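Numbered per full-length UniProt numbering, the sequence shown spans residues 1 to 203.
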Amino acid sequence: MTQKIIKKNLKELGFEPNLLNYEKSYRAANWKQVEKEIEWFDKDHLNAAYNAVDKHLKTWRKNKVAMYYEDDFGVREQYSFMQIAEESNKIANVLKNHGIKKEERVFIFLPRVPLLYISFLGILKTGAIAGTLFQAFGEAGLYDRLSNSDARFLITTVEMSERLTNIRRKLPKLEKIFLIDTSGKFVCKGFVDLKKEMSKAST
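1. Measuring CB atoms only, is the stretch 90 to 100 touching the stretch 63 to 76, in the sense that at least three cross pairs come out at less than 8 Å?
2. On the DSSP bridge list, what partners appear for G131?
3. Across the stretch 76 to 89 and the stretch 53 to 62, are there enough close Cβ pairs to call them in contact, namely three or more that are closer than 8 Å?
4. For I84, which three-state DSSP category applies?
5. Note the first and the last residue of the continuous beta strand (DSSP E) segment covering I155.
6. Can you name the start and end residues of the beta strand (DSSP E) that F73 belongs to?
7. Using the three-state DSSP reduction, which class does L46 fall into: helix, strand or coil?
8. Secondary structure at Q3, three-state DSSP: helix, strand or coil?
9. Count the other C-beta atoms from every protein chain shown that fall within 10 angstroms of the C-beta of V75, then say buried if there are 16 or more, exposed otherwise.
10. Relative to the C-alpha of residue 204, which candidate in R163, E39, F178 has its C-alpha closest?
11. Residue range of the alpha helix (DSSP H) that I177 falls in?
12. When you compare the CB of A85 with every CB in chain B, is at least one pair closer than 9 Å?
13. My output table needs one value for F191: the three-state DSSP class, helix, strand or coil.
14. Please report the straight-line C-alpha distance between F134 and F109, rounded to a whole angstrom.
The following block contains the structure:
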């Protein structure tokens, strides 16, 4: 089955896409050249967060916009490579301060807000395994994935954390839940005010 390619009017986008012509770029792609652009620990290992964001801090791109965001009310935000690097470093340091270790699991249960992507990068920087959970999951979906993965930490919102109320006791390996929107309110045992912790963390 041949799928019809959707073509958009570039003038209506409001900004120029990073990739204008996929087919042309695909034909011109050279893996050996790509390998040179990636910074490796060795020939088989790399840190995706570093290659996606942090390495650009050494170039003119550090102040270039890396992410645009618009919420449901039309409020727009934009984040440079520098801002994303610093915020993801804070998250990484918060997680390390709470004892996260390489290859342990940290899940993200958030709507599509900037902290979803920044948290993902922060987790990668610790060497832990980052997992994402669909924001519409209910108790069954959450329990299935968090229990099977032996998740140690979870990043979510106050409202979404309520879906864990009846299953939390069945997840003994889930030690802490980091909340992104407590607004300075009292946080119960087992929960962590992520933004408060980030405000004290180094970049």
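Every residue gets a Cβ at the ideal spot worked out from N, C-alpha and C, and that includes glycine.
Since the structure is predicted, the reported quantities are computational estimates derived from the model, not experimental observations.
Answer, in terms of the structure:
1. no
2. F107
3. yes
4. helix
5. 153 to 156
6. Per DSSP, F73 belongs to no beta strand (DSSP E) and is neither H nor E.
7. coil
8. coil
9. exposed
10. Residue 204 lies beyond the residue range present for the chain, which begins at 1 and ends at 203; the question has no answer from this structure.
11. It is not in any alpha helix (DSSP H) - I177 instead sits in the beta strand (DSSP E) that spans 176 to 179.
12. This model lacks chain B altogether; it includes just one protein chain.
13. strand
14. 7 Å
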